[in-house]
Amino acid sequence: MKKRIHNIDEYRGIALIAMLIYHTLYDMAVIFGFHFNISWFFSQPMHIFQQCIGISFIFISGMSSTLSKNSLRRSLIIFAAAMGMTIITAILMPSQIIRFGVLHLLGVSGIITAAFMPSIKKLSRKVSLLFSGLFFIIFYMTYNVPNGYLNLFFKNIYLPKILYTSKYTFFLGFPHSKFYSSDYYPLIPWIFLFLAGAFLLSALRYILPKFCYKLHVPALAAIGRHTLMIYLLHQPVIYGVLYLICSI
Numbered sequence: 003m004k005k006r007i008h009n010i011d012e013y014r015g016i017a018l019i020a021m022l023i024y025h026t027l028y029d030m031a032v033i034f035g036f037h038f039n040i041s042w043f044f045s046q047p048m049h050i051f052q053q054c055i056g057i058s059f060i061f062i063s064g065m066s067s068t069l070s071k072n073s074l075r076r077s078l079i080i081f082a083a084a085m086g087m088t089i090i091t092a093i094l095m096p097s098q099i100i101r102f103g104v105l106h107l108l109g110v111s112g113i114i115t116a117a118f119m120p121s122i123k124k125l126s127r128k129v130s131l132l133f134s135g136l137f138f139i140i141f142y143m144t145y146n147v148p149n150g151y152l153n154l155f156f157k158n159i160y161l162p163k164i165l166y167t168s169k170y171t172f173f174l175g176f177p178h179s180k181f182y183s184s185d186y187y188p189l190i191p192w193i194f195l196f197l198a199g200a201f202l203l204s205a206l207r208y209i210l211p212k213f214c215y216k217l218h219v220p221a222l223a224a225i226g227r228h229t230l231m232i233y234l235l236h237q238p239v240i241y242g243v244l245y246l247i248c249s250i
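Those letters in the sequence shown? Residues 3 to 250, per the numbering used here, in order.
Listed below in structure tokens is the structure:
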């Protein structure tokens, strides 16, 4: 597209700020064990808040994949950064190791989507909308695959336990009983949400209202344009600040 869709940057900026808030609270509650009462952090509302952040971030990233001039290159960079985080957490903070987090998911999803992007962009608007809706439904149905079952609307179908016995299928969404990752977004179900975003914007990219192209909050848009850098730097900064507070 010729014009930048500033709304996407701004929405991504909002999602990133929410993530920064959540990760700050996580470090306070889990890593530093702040003494005041933060038991509410482990409540269901906070879990919903965390999931909403992930859903927003991944869906917007899927939409953005259709706008990138070189989505394959960007996705490879994201995946390389994700593997760097795995190595760093394994060495410095093994109890908080990230084996397959949101960056891993975005990198792999972007690589897979990039392979089909020329074909995706050639689809008609109706077909793209159909695929977007289909992937939304699949995302809903497979949301609890990492927990062992499918959501068939009013009925849960439990999957064979043998799917969860391997040490090497966690990235697909089949973690074994002793698997742990402090940030975990496997391909199933999350790639389907990524694809839903990609197909939705592919369908709507030529009919978006002028409002979407207008820059409303420059600061939010700036944050949204530098998501990867902020994501990589935010945890060391938060950790350092909290460490200094605890040292006083």
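By construction, the Cβ of each residue, glycine as well, lies at the ideal position given by its N, Cα and C atoms.
| Asked | Found |
| --- | --- |
| Just to confirm my understanding: we take R227, look at its own chain, exclude 5 residues before and 5 after, and list those with CB closer than 6 Å. What are they? | D11 |
| Beta carbon of G199, beta carbon of F61: below 8 Å? | yes |
| Would a C-beta distance cut-off of 8 Å place L152 and T144 closer than the cut-off? | yes |
| Measure the CB-CB distance between G175 and I190 and report whether it falls below 8 Å. | yes |
| Please classify I55: is it buried, with 16 or more other beta-carbons within 10 angstroms of its beta-carbon, or exposed? | buried |
| Does DSSP put Y151 in a helix, a strand or coil? | strand |
| Would a C-beta distance cut-off of 8 Å place H178 and Y187 closer than the cut-off? | no |
| What does the alpha-carbon distance come out to for the pair T115 and K124? | 14 Å |
| Taking Cβ positions, are F44 and Y24 nearer each other than 8 Å? | no |
| As a quick exercise: from T68, G86, W42, A82, pick the residue whose alpha carbon is nearest that of A28. | Residue 28 is actually Tyr in this sequence, not Ala. Ranking the options by Cα distance to Y28, first place goes to W42. |
| Would you mind sorting P96 into buried or exposed? The rule is 16 or more other CB atoms within 10 Å of its CB. | exposed |
| Given M3, which residues of its chain have a CB within under 7 Å of its CB, disregarding the five upstream and five downstream residues? | Annotation note: pLDDT 44 at M3 (below 50); position unreliable, coordinate value reported separately. Excluding residues within five positions, the ones whose Cβ falls inside 7 Å are L69, R207. |
| Verify whether the separation of the beta carbon atoms of I209 and T26 is less than 8 Å. | no |
| Are M87 and L74 close, meaning C-beta to C-beta below 8 Å? | no |
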